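Q: Numbering (UniProt numbering), first residue to last: 1 to 930. Glycine included, every Cβ here is placed at the ideal spot set by N, Cα and C. No experiment lies behind these values; they were computed from the predicted model shown.
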């Protein structure tokens, strides 16, 4: 990077300028996007060879051809293989690859959680140019041979998803490059055409040149969703949770990029790319997962949103049409699309997580509050921050260190002047039940004598440039190279760096932050690695010429996933798989949830960024990554008191709860604000800690039911059309409704309470006042009020004795909050284990169901032959919505019976059972008499 460019870059990241769009491509500047987006044939060139169809087990295989439509002979131009698989849980997979490619095309490797489990497939009919097959659940697939089209039918026989209805299937065949000259024979015409395409064998963007040695190899496929009102997913972007029509604007872009001071309401690429899309209407929910790790653009058309294109279609078809179309366009790879046939939102979200894997149970501390800054400058600074949380009675579990803790930005080292005693520093934190998180980025400083650089250079561990030499870019340390995690030897080397012997000063209570892993390259094209860099390729995939390596263009969106996988496995290795790791990643892809939490990146201290954190985390959650949050307070700029207060109040109800800020911003630890603001921040943190066991239970249940922890309203209320576009409020599980205040200076906010058709009640968690679900109403708010409601018919466990850290609360007593439904019943669940090890796999845990009926409240174990010796007990039971109070209440546990004391608060129909004293280590019941 030239010195002037570097200076401008540093100014940019320092917050002087907003994001410079000129640093990032538009579709027209991306050769394959421009080429494919203009590809709109009247009918598909692809046909199915009916004579080649074979159905065996769960797979239909066949030959697909492209036909020369310009001649009557219909000459076959290219041949492809089709593989359509039936998978468990109402899912199908469609794969189309070249029959005999010049060299193997890249298939995304790490997104899936193992090989998908097969269903069975049966041939129903083959007639009139169509093939009909059916799975064991009654879903049919009708394949039209010419032009090729796939119709997926739900169990009632209605068409739910259609592939290639808009004839946008395209697989650009790999070709040998031949220069055009006057002696070219007619048979070489198609190759000559490639040379004439200025982007076929190379592309330029600004000062960067992409050599494209394989030439054009893009793939495309359209998916249509009949009866859908809206589409969702493909995170993450900064616009609404529901996807907008893009035909008159830029498509949504999926390409992991380090975008400084990203802007709002934009389809631009950001740090993460998860290519799953859902479509929902009152009739059904469905989805598609585009299994591809290359740069991808996605066009969306919603025929009901009033755009020019949809309006013309509606005019022709005679009225508003409920349907959404999408088109996925990727630079390379194969066509590999999973079709998720629902039919409820929960069904389709679960189907996707079945493919990519649920998040494991996180260590409990990671669900508590985290305090971070770039940077806490030395050990005294860390000690001061730690002590001030105690002085000001604010609970906190984690202190974070950004890059300045290292020896001149060399990872797995410490600055010996600022952090001379890391082990002692960690021990001082852990004595209070707190943890430390340190940053480890994938770039490696190119400095003689630095052991990681020396090892990587000597052993060939770095990603290579287009000429096969170690790729050299520019990042925080200056001149940097990047480990090639696709090489299993490199990943093993990297895993070993996390051992306590190799990373002195760390312990089981030091966890990891993998940042900049898109990867970020300051002087690279679009601030990332050039696409023609080379990655390791296994011998079985070919070792000759271009077949001997994968290009970065093939794997780009997967790079960060390989990084965090190696980190995760290294942290397991360091404790012989005894303790659960916590990792935070910035780069995300399908399957990220199996290894790490994520955050929304380098936001700003502005109200719009607080507001957009909700749809961004909702989109992430339905795409499998529930462990999501934003930098509380905003990374750039300084939040004034009201914004900071509201951000803490919102963050307390998002899964990942961390305050973070830029090195050049004014310090903003809670006690640096006025006393009234600090008190409000303290209250927000204490509310989070009171609900930690509720959060922990939700994450355990995610491992079982594979459902999002943070949920859009329509997931639980799929028939309520008003809920389809709500993204300023959400549900935690099916029990709490959260409507953060994200507007300045307001005295009331609109809140939508779903469930009117089932007479659902929603109880204000502050007053226990019951609201009948009836759509929108105005909720009055003060600066201390966050509208939160507990669903009638639910029971939520709380711990009201808030201590300095979560581990010190492990054996504290519970308060059970019971909110009755219209039938005077309620139920809930509670998960308990040691919070940090894998002993739950040895049945050392409790998963309990809590139920309330008119005459009986019970606490029973769901898990068989499992137990955990918790010393927690029930301190209080609060029953809201009770109209007729019981005369007596008696606890039954083991052989012991105890008469309980009760207090009735008639003003809000709340009954409090005081000090039942029931142990949570054994089942119990409470009987009531009237």
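Please list the terminal residues of the continuous alpha helix (DSSP H) segment that includes residue 424.
A: In the chain shown, the residue the question calls residue 424 occupies position 424. Secondary structure note for residue 424: its alpha helix (DSSP H) is the uninterrupted segment 422 to 430.
Q: Out of 528, 165 and 805, which has the shortest C-alpha to C-alpha gap to residue 434?
A: Taking the chain shown and counting its residues from 1, the one referred to as residue 434 is at position 434. Nearest C-alpha to residue 434: 805.
Q: Let me check one thing: in DSSP terms, what residues is residue 83 bridge-paired to?
A: Position 83 of the chain shown holds residue 83. 61 and 95, per the DSSP bridge assignment.
Q: Does DSSP put residue 574 in a helix, a strand or coil?
A: Taking the first residue of the chain shown as position 1, residue 574 is located at position 574. Three-state DSSP puts residue 574 in a helix.
Q: Could you check where the beta strand (DSSP E) with residue 748 kicks off and where it finishes?
A: Walking along the chain shown from the start, residue 748 turns up at place 748. Where residue 748 is concerned, the enclosing beta strand (DSSP E) stretches over 748 to 753.
Q: Does the structure place the stretch 227 to 238 close enough to the stretch 274 to 291 that three or more beta carbon pairs sit under 8 Å?
A: Touching, yes, given that three or more Cβ pairs across the two stretches are closer than 8 Å.
Q: Leaving out the 5 sequence neighbours to the left and right, which residues in its chain are closer than 6 Å to residue 451 when beta-carbon positions are compared?
A: By one-based count along the chain shown, residue 451 stands at place 451. Same-chain partners within the cutoff: there are none.
Q: What runs of the alpha helix (DSSP H), each 4 residues or longer, lie entirely inside the stretch 833 to 894?
A: Complete alpha helix (DSSP H) runs here, min 4: none at all.
Q: Out of 690, 648, 824 and 867, state which residue places its alpha-carbon closest to the alpha-carbon of residue 783.
A: Sequence index remark: in the chain shown, residue 783 carries index 783 (1-based). When each option's Cα is compared against that of residue 783, the closest is 648.
Q: Between the stretch 426 to 446 and the stretch 380 to 398, do at least 3 Cβ pairs fall closer than 8 Å?
A: At 8 Å Cβ cutoff, the stretches touch.
Q: Using the C-alpha atoms, what's the distance from residue 613 back to residue 382?
A: Counted from its first residue, the chain shown places residue 382 at position 382. Counted from its first residue, the chain shown places residue 613 at position 613. Approximately 28 Å between the Cα atoms of the pair.
Q: Is the beta carbon of residue 830 closer than 7 Å to that of residue 797?
A: Numbered from 1 along the chain shown, position 797 holds the residue referred to as residue 797. Numbered from 1 along the chain shown, position 830 holds the residue referred to as residue 830. Taking 7 Å as the Cβ cut-off, residue 797 and residue 830 qualify as a contacting pair.
Q: So which of 575, 511, 617 and 593 has the shortest CA-CA distance to residue 358?
A: The residue labelled residue 358 in the question sits at position 358 within the chain shown. Among 575, 511, 617 and 593, the Cα nearest to that of residue 358 is on 593.
Q: Quick check on residue 592: does DSSP put it in helix, strand or coil?
A: Taking the first residue of the chain shown as position 1, residue 592 is located at position 592. Correct three-state label for residue 592: helix.
Q: Give the secondary structure of residue 898 by DSSP, where H, G and I count as helix, E and B as strand, and everything else as coil.
A: Start at 1 with the first residue of the chain shown, and residue 898 comes out as number 898. It is a strand residue.
Q: Pull up the DSSP beta-bridge partners for residue 330, would you.
A: The residue given as residue 330 occupies position 330 in the chain shown. Note: residue 330 sits in a beta bridge opposite 219 and 296.
Q: Spell out a yes or no on whether the stretch 319 to 339 and the stretch 290 to 305 are touching, meaning 3 or more CB-CB pairs, one atom from each, closer than 8 Å.
A: yes
Q: At the level of alpha carbons, what is the spacing between residue 930 and residue 889?
A: Locating residue 930 in the chain shown gives position 930, where the first residue counts as 1. Locating residue 889 in the chain shown gives position 889, where the first residue counts as 1. Here the alpha carbon of residue 930 sits roughly 9 Å from the alpha carbon of residue 889.
Q: Indicate whether residue 790 and residue 751 have their beta-carbon atoms separated by less than 7 Å.
A: Your numbering for residue 790 matches position 790 in the chain shown. Your numbering for residue 751 matches position 751 in the chain shown. Going by C-beta atoms, residue 790 is not nearer than 7 Å to residue 751.
Q: Quick check on the DSSP output: what are the complete alpha helix (DSSP H) runs of length 4 or more inside the stretch 439 to 494, in order along the chain?
A: 451 to 459
Q: Measure the alpha-carbon distance for residue 604 versus residue 687 and round it to whole angstroms.
A: To locate residue 604, count along the chain shown from 1; it is residue 604. To locate residue 687, count along the chain shown from 1; it is residue 687. C-alpha separation (whole angstroms): 25 Å.
Q: Please look up how many angstroms separate the CB atoms of residue 531 and residue 558, rounded, as I've assumed it's under 8 Å.
A: One-based indexing of the chain shown puts residue 531 at position 531. One-based indexing of the chain shown puts residue 558 at position 558. Between residue 558 and residue 531 the Cβ distance is about 14 Å, and since that is not below 8 Å, they are no contact.
Q: Measuring only the C-alpha atoms, how far is residue 678 from residue 717?
A: Looking up residue 678 in the chain shown gives position 678. Looking up residue 717 in the chain shown gives position 717. The straight-line gap separating the alpha-carbon atoms of residue 678 and residue 717 is approximately 37 Å.
Q: With respect to the beta strand (DSSP E) encompassing residue 615, which residues constitute its N-terminal and C-terminal limits?
A: Position 615 of the chain shown, counted from the start, is the residue given in the question as residue 615. No beta strand (DSSP E) holds residue 615; the alpha helix (DSSP H) holding it covers 607 to 622.
Q: Along the chain, where does the alpha helix (DSSP H) that runs through residue 641 open and close?
A: Here residue 641 refers to the residue found at position 641 when the chain shown is read from its first residue. Residue range 641 to 651 is occupied by the alpha helix (DSSP H) that includes residue 641.
Q: For residue 689, which beta-bridge partners are listed by DSSP?
A: On the chain shown, position 689 is the one that residue 689 refers to. DSSP output for residue 689 lists no bridge partner at all.
Q: Can you tell me the Cα-Cα spacing of residue 118 and residue 49, whole angstroms?
A: Locating residue 118 in the chain shown gives position 118, where the first residue counts as 1. Locating residue 49 in the chain shown gives position 49, where the first residue counts as 1. Their Cα atoms are separated by approximately 25 Å.
Q: Alpha carbon to alpha carbon, how far is residue 544 from residue 187? Give it in angstroms, no decimals.
A: Residue mapping note: residue 187 aligns to position 187 of the chain shown, counting from 1. Residue mapping note: residue 544 aligns to position 544 of the chain shown, counting from 1. In this prediction, residue 187 has a pLDDT of 41, which is less than 50 and means its spatial position is unreliable; what the coordinates show is noted afterwards. Computed Cα separation, rounded: 27 Å.
Q: Whole angstroms is fine: what's the gap from residue 146's alpha carbon to residue 168's?
A: Reading the chain shown from its first residue, position 146 is the one you call residue 146. Reading the chain shown from its first residue, position 168 is the one you call residue 168. Each residue's Cα considered, the two are about 14 Å apart.
Q: In the DSSP output, what is residue 280 paired with across the bridge?
A: Locating residue 280 in the chain shown gives position 280, where the first residue counts as 1. Beta-bridge pairing links residue 280 to 230 and 285.
Q: Should residue 526 be labelled buried (16 or more other beta-carbon atoms within 10 Å of its own) or exposed?
A: Translated into positions along the chain shown, residue 526 becomes position 526. Result: buried.
Q: On the three-state DSSP scale, how would you describe residue 247?
A: Along the chain shown, read from residue 1 onward, the residue named residue 247 stands at position 247. In the structure shown, residue 247 sits in coil (DSSP, three-state: anything other than H, G, I, E or B).
Q: Rounded to whole angstroms, what's the CA-CA distance from residue 185 to residue 178? Just pull it up for me.
A: The residue you call residue 185 lines up with position 185 of the chain shown. The residue you call residue 178 lines up with position 178 of the chain shown. Note that residue 185 scores a pLDDT of 46, beneath 50, so its modelled location is shaky; the value from the coordinates is reported in the next line. Their Cα atoms are separated by approximately 12 Å.
Q: Across the stretch 701 to 721 and the stretch 806 to 824, are there enough close Cβ pairs to call them in contact, namely three or more that are closer than 8 Å?
A: Contact fails between the stretch 701 to 721 and the stretch 806 to 824, because fewer than three Cβ pairs, one in each stretch, are under 8 Å apart.
Q: Count the other CB atoms, across all protein chains shown, that sit within 10 Å of the CB of residue 735; report buried if there are 16 or more and exposed otherwise.
A: Here the question's residue 735 lines up with position 735 in the chain shown. Using a 10 angstroms sphere on the CB of residue 735, the tally of other CB atoms reaches 16 or more, which defines it as buried.
Q: Got a sec, what are the start and stop residues for the alpha helix (DSSP H) residue 772 sits in?
A: Taking the first residue of the chain shown as position 1, residue 772 is located at position 772. Counting along the chain, residue 772 falls outside any alpha helix (DSSP H), though it belongs to the beta strand (DSSP E) covering 770 to 772.
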